[in-house]
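K.L.:
Number of protein chains: 2
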Amino acid sequence: MALGAPDVSVLDHRSEQQKRILAAAVQCFARDGFHGTSMQKICAEASMSPGALYRYFPSKESIIGAIVEGESAERAKLFEFLDQAPSLIDGLTECIAALLSKDSIDCAKLGPEIMAEAIRNEKLREALEPVEEESHVLLRAALVSGMEKGEIDPEIDPDTLVMLLKVMGDGMILHNQLHPQWNLPDRLPAFAILVRRMLAPETKSTAP
Amino acid sequence: MALGAPDVSVLDHRSEQQKRILAAAVQCFARDGFHGTSMQKICAEASMSPGALYRYFPSKESIIGAIVEGESAERAKLFEFLDQAPSLIDGLTECIAALLSKDSIDCAKLGPEIMAEAIRNEKLREALEPVEEESHVLLRAALVSGMEKGEIDPEIDPDTLVMLLKVMGDGMILHNQLHPQWNLPDRLPAFAILVRRMLAPETKSTAP
DNA sequence: GAGGTGAGAATGAATATTCGCTCTCAGCAT
DNA sequence: ATGCTGAGAGCGAATATTCATTCTCACCTC
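Quick mapping for you: the protein sequence lines, in order, are chains A and B. Terminal number for the first sequence in my numbering: 497, no gaps in between. Terminal number for the second sequence in my numbering: 497, no gaps in between.
Here it is, written out as structure tokens:
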């Protein structure tokens, strides 16, 4: 057995198969939920036998873990581009719109699934924590910067505001799944106007 | 066999037992979730054999259905007393505080469980719909009345506002379960101040 | 032909639901 | 009173199904 790096093509194949399994699992989980999805269903979706599948993931739980990790990493990345938007609130609106959009339909469907599961599943909750922390920090920085630019009233406590905005974001993800007929994405501009009113600096006697 | 009404004590016993089973099931569901709870666990919690339990409910699903119906009916009732509060926003804050409070700990724990389940389970979603509709109407009426009283800017579209408030409410219920360490209930007064800013009528040159 | 790869049957645990038996007790005939 | 009877109530073992996981062996590529 050589001590050098193993054959690259072997690793390629492995990660290729893993990706295939994860994609199939995401489909299934989005359709039937974590509990409603059996390994057999994932196998069928991936056109793969259980024997083969278990060569790449040791358990169903590990598949869920891998997916959650990927999804939440992607979600945290959203906030990185907040400061490139013309205004902070426009940026936030875009973030939410992206989360609710059809593009990430599976991600959007998985959102509530993951949250609900994390309430009970300690492992999952711990895996989510650092990502939550990171997005909290990013969002907070964006808000403080917005305060310095005069877009947001600096009197408001930034941590409270971060919490309120996250509550609203998660609430929207949930509602969009639960009541799709209410067409929540269409209301986003109206929501943005209301949020702007909430955050705007008080216009007290600035006139000369 | 007499044609008259059956013995009252018999009906009493039936509904008494049903209540006992439902109480046990709520305990279990709040602790382990719908999927993590087996009929055996409910039986143990209710100190009852499966044979006896199945005499009162035909299936696990029917137990879940009965609980959801009860919980959501109770939840809708909350909004009925909105107009008795000193101000609308105080009233809303109280509603949320009640939902998150330890008093209704089981109800609060069940909230996210029910929402997550309703995303997949069509039966459940349909059972929830009329209650959602009712609370939408109640909340909307309260908001319109708040507009007439000058507490809320009448320029705001009431339906959009109802949606935003419900999104926030559900988001808070979810977050309170998911991140209890953030002590969301302590932030409610701060949230109320922000919401007040959002809804207050614009103070445009009212001075002479 | 040897080692990695995969197919698919087999396994064993968990779980919702059913079944057959017993127990209790009210009503009634003796 | 006493014992009979039948129906509702309860028990818990049995059943049938589902599911995650493992095993065995064939295949394919080097």
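Don't be surprised by glycine CBs; every beta carbon is placed ideally from N, CA and C. Keep in mind it's a predicted model, so treat the numbers as computed, not measured.
What would DSSP say about isoleucine 441(B), mapped onto helix, strand or coil?
P.N.:
Coil.
K.L.:
Out of Glu444(B), Lys412(B), Glu437(B), Ile403(B), which one is the CA nearest neighbour of histidine 324(B)?
P.N.:
That would be Ile403(B), whose Cα lies nearest to the Cα of histidine 324(B).
K.L.:
What would DSSP say about threonine 326(B), mapped onto helix, strand or coil?
P.N.:
Three-state DSSP puts threonine 326(B) in coil, outside helix and strand.
K.L.:
Pull up the CB-CB distance for glutamine 306(B) and glutamate 334(B), whole angstroms please, since I reckon it's below 8 Å.
P.N.:
Actually they do not touch by this definition, with Cβ atoms about 14 Å apart.
K.L.:
Output, in chain order, the set of chain B residues within a Cβ distance shorter than 7 Å of isoleucine 331(A).
P.N.:
Within 7 Å Cβ-Cβ: nothing; isoleucine 331(A) doesn't reach chain B, min ~17 Å.
K.L.:
Grouping DSSP H, G and I as helix and E and B as strand, with all else coil, what is histidine 468(A)?
P.N.:
In the structure shown, histidine 468(A) sits in coil (DSSP, three-state: anything other than H, G, I, E or B).
K.L.:
Which class does glutamate 363(A) belong to by DSSP, given the choice of helix, strand or coil?
P.N.:
Reduced to three states, the DSSP call for glutamate 363(A) is helix.
K.L.:
Which residues, taken in chain order from the stretch 439-454 of chain B, show a beta carbon closer than 8 Å to some beta carbon of chain A?
P.N.:
Cβ contacts with chain A come from Ile445, Asp446, Thr449, Leu450, Met452, Leu453.
K.L.:
Looking at C-alpha atoms only, which residue of Leu417(B), Leu450(B), Asp459(B), Leu453(B) is the closest neighbour of alanine 362(B)?
P.N.:
Considering only alpha carbons, the answer is Leu417(B).
K.L.:
Determine whether the Cβ of valine 456(A) lies closer than 8 Å to any Cβ atom of chain B.
P.N.:
Output row for valine 456(A): interface = yes.
K.L.:
So glutamate 406(A) is in the alpha helix (DSSP H); what residue range does that whole segment cover?
P.N.:
Per DSSP, glutamate 406(A) belongs to the alpha helix (DSSP H) from 394-409.
K.L.:
According to DSSP, simplified to helix, strand and coil, what is glutamate 350(A)?
P.N.:
If DSSP states are grouped into helix, strand and coil, glutamate 350(A) belongs with the helices.
K.L.:
Could you spell out the range, first to last residue, of the alpha helix (DSSP H) harbouring tyrosine 343(A)?
P.N.:
Where tyrosine 343(A) is concerned, the enclosing alpha helix (DSSP H) stretches over 339-345.
K.L.:
Measure the CB-CB distance between glutamate 358(B) and leucine 399(B) and report whether it falls below 8 Å.
P.N.:
No, the pair does not count as a contact, with Cβ atoms beyond the cut-off.
K.L.:
Could you check if histidine 464(B) is buried or exposed, using at least 16 other CB atoms within 10 Å of its CB as the buried criterion?
P.N.:
Buried, since its Cβ has 16 or more Cβ neighbours within 10 Å.
K.L.:
Buried or exposed, going by whether 16 or more other CB atoms sit within 10 Å of the CB of lysine 308(B)?
P.N.:
Burial call: exposed.
K.L.:
Classify arginine 364(B) as buried or exposed, calling it buried when 16 or more other Cβ atoms lie within 10 Å of its own Cβ.
P.N.:
By the neighbour-count rule (16 or more Cβ atoms within 10 Å), arginine 364(B) is buried.
K.L.:
My guess is that valine 456(A) and glycine 460(B) are in contact by the Cβ rule of under 8 Å, so how many angstroms apart are they, rounded?
P.N.:
That belief holds up - the Cβ atoms of valine 456(A) and glycine 460(B) are roughly 4 Å apart, short of 8 Å.
K.L.:
From the DSSP output, in three-state form, read off alanine 489(B) for me.
P.N.:
Coil, per DSSP.
K.L.:
Could you check what DSSP says for alanine 291(B) in three-state terms: helix, strand or coil?
P.N.:
Any reading at alanine 291(B) must be qualified, since the residue scores a pLDDT of 35, below 50, and its modelled position is unreliable; no value is offered.
K.L.:
Please classify phenylalanine 480(B) as buried or exposed, where buried requires at least 16 other C-beta atoms within 10 Å of its C-beta.
P.N.:
When all chains shown are included, phenylalanine 480(B) counts as buried.
K.L.:
Taking the Cβ atom as the reference point for each residue, do alanine 431(B) and leucine 377(B) lie within a distance shorter than 8 Å?
P.N.:
For alanine 431(B) and leucine 377(B), yes; Cβs fall inside 8 Å.
K.L.:
Is there at least one Cβ from chain A nearer than 8 Å to methionine 328(B)'s Cβ?
P.N.:
No - not a single Cβ of chain A is within 8 Å of the one on methionine 328(B).
K.L.:
Pick helix, strand or coil for aspartate 475(A), following the three-state DSSP scheme.
P.N.:
Here aspartate 475(A) sits in helix by DSSP.
K.L.:
Is it right to say valine 451(B) is buried, meaning 16 or more other beta carbons lie within 10 angstroms of its own, or is it exposed?
P.N.:
Valine 451(B) is buried by the Cβ-count criterion.
K.L.:
Can you have a look at serine 494(B) and say buried or exposed, based on whether 16 or more other CB atoms are within 10 angstroms of its CB?
P.N.:
Low local confidence applies: a pLDDT of 47 at serine 494(B) is under 50, so the model's placement there is unreliable, with the coordinate-based value given in what follows. The residue in question, serine 494(B), is exposed, as its Cβ has fewer than 16 Cβ neighbours within 10 Å.
K.L.:
Could you spell out the range, first to last residue, of the alpha helix (DSSP H) harbouring glutamate 383(A)?
P.N.:
Unbroken alpha helix (DSSP H) run through glutamate 383(A): 377-389.
K.L.:
Between the C-alpha atoms of methionine 328(A) and lysine 349(A), what's the straight-line distance to the nearest angstrom?
P.N.:
Roughly 7 Å separates the two Cα atoms.
K.L.:
What would DSSP say about alanine 374(A), mapped onto helix, strand or coil?
P.N.:
Reduced to three states, the DSSP call for alanine 374(A) is coil.
K.L.:
Put serine 424(A) into one of helix, strand or coil per three-state DSSP.
P.N.:
Here serine 424(A) sits in helix by DSSP.
K.L.:
Roughly how many whole angstroms lie between the Cα atoms of aspartate 506(A) and threonine 326(A)?
P.N.:
Since the displayed chain A opens at 290 and closes at 497, residue 506(A) lies outside it and no answer follows.
K.L.:
CB glycine 380(B) to CB alanine 387(B), shorter than 8 Å?
P.N.:
Contact flag unset, no.
K.L.:
Hey, does leucine 463(B) have any beta-carbon neighbour from chain A nearer than 8 Å?
P.N.:
Taking Cβ atoms only, chain A reaches closer than 8 Å to leucine 463(B), which makes this a yes.
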